[in-house]
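Step one of this worksheet: look at the structure below.
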Amino acid sequence: MKTDSIFYRLFQTFPGILFELIGRQPTEASAYQFSSVELKQTAFRIDGLFLPTVNQPDYPIVFLEVQFQKDPEFYARFFCEIFLYLRLYAPTKAWQAVVVFAKRSLEPTEIEPYRELLTLPQVTRLYLDDLGDVSEQSLGVGIVKLIVETKKKTPALVKQLVEKARSQVVDQRLQQEVLNLIETVVLYKLPSISRQELAAMFTRDDLKKTRYYQELKQEVIEDITKEVKQEEALALILRLLPRRIGTVKPELIGRIQQLETSQLENLAEALLDFDNESNLVDWLNQSTD
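According to the numbering used here, the residues represented by the sequence shown are 23 to 311, in order.
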């Protein structure tokens with residue numbers, strides 16, 4: 023699972039999550055600018071760097087690392103990145119370090135050289151498998167929890183998060199980004215998930231806001247554009263419909279065969295929203311009056 027890009031998007035969209043996780047107020051995120059920094063001289067990259075804005079001189083620099091695989095040399099690399107950054111950029115501010123492990127078993131066991139560093143108050147270790155019930159967490163923390171949730175529990179958790187997004191995120195642009203994040207996590211966790219299974223986790227209106235739906239819609243439109251001949255457009259429709267509503271009755275096929283190419287194009291787009299045969303019948307009745 024390619025979690026680096028997911029976490030970057032997650033903290034970029036919800037920077038307040040980090041501060042919730044370490045017991046601070048999420049509103050403190052407004053005092054920071056978030057980025058990922060590559061230390062080019064050594065090919066090291068810090069997963070996340072929260073730099074206080076110029077009008078917040080008393081806030082510390084926050085270094086963030088997310089670890090989803092076993093790495094016995096993790097702490098050697100982590101503290102090397104921090105002190106190399108301090109050496110290269112010579113900041114005058116205090117610093118704080120946060121490590122997010124997917125689960126406790128991934129933390130290195132040989133920590134003696136770093137034991138004293140790990141006891142410093144500015145070093146925080148978090149374990150996603152220790153997060154509490156998602157119903158008691160914020161939307162952002164819930165998405166973090168989704169990343170390590172079991173496949174069996176994923177559908178129910180997605181539905182909870184989608185409902186939270188609809189009720190808590192008023193800004194439509196941000197709501198769409200949140201839904202895209204949830205969808206991205208699901209597709210990484212369940213790469214072989216069917217369109218029907220994905221749709222079952224979202225309401226129809228919410229699914230339409232996701233990047234997956236928009237790309238699928240565009241793909242169908244492009245396919246129709248390429249297959250400009252009516253008989254080819256018809257063949258494409260008859261391939262797509264059974265995937266959405268099951269077996270298509272002969273009398274309905276007959277009505278579809280009477281449609282013009284432009285109507286077939288409209289049907290190809292509309293069928294992405296079909297759940298059953300009645301949806302097709304309603305569309306035909308409305309479009310062929």
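Cβ atoms here follow ideal geometry from the backbone N, Cα and C, with glycine treated the same way.
- With 16 or more other CB atoms across the displayed protein chains lying within 10 angstroms of its CB, R266 is buried.
- Q89 is positioned such that its CB atom lies closer than 9 Å to that of L128.
- The beta-carbon distance between A119 and Q144, rounded to whole angstroms, is 6 Å. This is short enough to meet the 8 Å contact definition.
- Put simply, the region 255 to 262 touches the region 283 to 302. At least three CB pairs are less than 8 Å apart.
- Each residue's CA atom was taken as its position, placing R31 and L203 some 8 Å apart.
- Using a Cβ distance threshold of 9 Å, L153 and R147 do not count as a contacting pair.
- DSSP places F36 outside both helix and strand once states are collapsed to three, so it counts as coil.
- Taking 8 Å as the upper bound for CB-CB distance, Q197 and A187 are in contact here, some 6 Å apart.
- Cβ-Cβ separation between P135 and D93: approximately 15 Å, too far for a contact (criterion under 8 Å).
- In the DSSP assignment, T206 falls within the alpha helix (DSSP H) that extends over 194 to 211.
- Straight across, the Cα-Cα distance linking E199 with R277 is about 40 Å.
- The beta carbon of V122 sits closer than 6 Å to those of V88, L148, all from its chain and outside the five residues before and after it, given in chain order.
- For L110, the enclosing alpha helix (DSSP H) stretches over residues 96 to 111.
- A98 and L263 have their alpha carbons spaced roughly 56 Å apart.
- Contiguous beta strand (DSSP E) elements confined to the region 111 to 171 occur at 117 to 123, 145 to 149, taking only those with 3 or more residues.
- C-alpha of I165 to C-alpha of L183: approximately 7 Å in a straight line.
- As DSSP reads the structure, I83 sits in a beta bridge with W117.
- If you ignore the 5 residues before and after V191, its C-beta comes within less than 8 Å of the C-beta of L161, Q197, V200, all in its own chain and listed in chain order.
- Checking the DSSP bridge columns, you'll see F90 has no partner listed.
- With contacts defined by Cβ atoms closer than 9 Å, Q55 and L73 form a contacting pair.
- For the pair L274 and V303, the Cα-to-Cα distance works out to about 8 Å.
- In this structure, the beta-carbon distance from I68 to V76 does not fall below 9 Å.
- If you ignore the 5 residues before and after E103, its C-beta comes within less than 6 Å of the C-beta of F66, I68, all in its own chain and listed in chain order.
- For I215, no alpha helix (DSSP H) run applies, since DSSP gives it neither H nor E.
- Between Q285 and S309, the CB-CB gap stays under 9 Å.
- Among the bridge pairs identified by DSSP, Y30 is matched with none.
- Secondary structure note for P272: its alpha helix (DSSP H) is the uninterrupted segment 272 to 279.
- Rounded to the nearest whole angstrom, the C-alpha separation of L179 and F101 is 35 Å.
- A distance below 9 Å separates the beta carbons of V208 and M223.
- For S216, the closest alpha carbon among the candidates E185, E254, S189, P177 is that of P177.
- The criterion of a C-beta distance shorter than 9 Å is satisfied by G70 and F33.
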